[in-house]
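Asker: Going by our numbering, the residue at position 75 of the sequence shown is 112; the numbering climbs one at a time, nothing skipped.
For each residue, glycine too, the CB sits at the ideal point set by N, CA and C.
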Amino acid sequence: MKIVGNFLLLVLKIFLLPLLLISFLSSLLLGAVGTIGKVALSLLNLFLLIGIVGSIIQGDSELIYGLGLLFVIATTFLLFDSIPLFFARISGKLTGFLWYWF
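#1: Give me the Cβ distance between LEU100 and LEU85, rounded to the nearest whole Å; I'm assuming they're in contact under 8 Å.
#2: Do you know offhand how far SER64's Cα is from LYS75's?
#3: What is the DSSP secondary structure of GLY96, counted as helix, strand or coil?
#4: How many Å lie between SER60 and VAL48 at the Cα?
#5: Rounded to a whole number of angstroms, what is the C-alpha to C-alpha distance between LEU53 and LEU66?
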């Protein structure tokens, strides 16, 4: 029985290590992709803002409306991306406060 248990434990370790590595690497990859996406969206906002200022200087109202709409959409995506982080920080502080008193 002990031999079967050791064999099953060995099989578990053999299959568990690659799964742990895949999980770790995928979390790193998702973090990197998320960061790259935020940087790209921020650069898009910057270019849209520059375009809006240029179209205001040129006096092209249709371009102002179009670029302004795109700017609002891109800014909304950035805001919605940061809202869960805000609530996660509040939740962490509340949990720490309750843990201290109780």
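Answerer: According to the structure shown:
#1: The pair is not a contact, with the Cβ atoms about 11 Å apart (cut-off 8 Å).
#2: 17 Å
#3: coil
#4: 19 Å
#5: 20 Å
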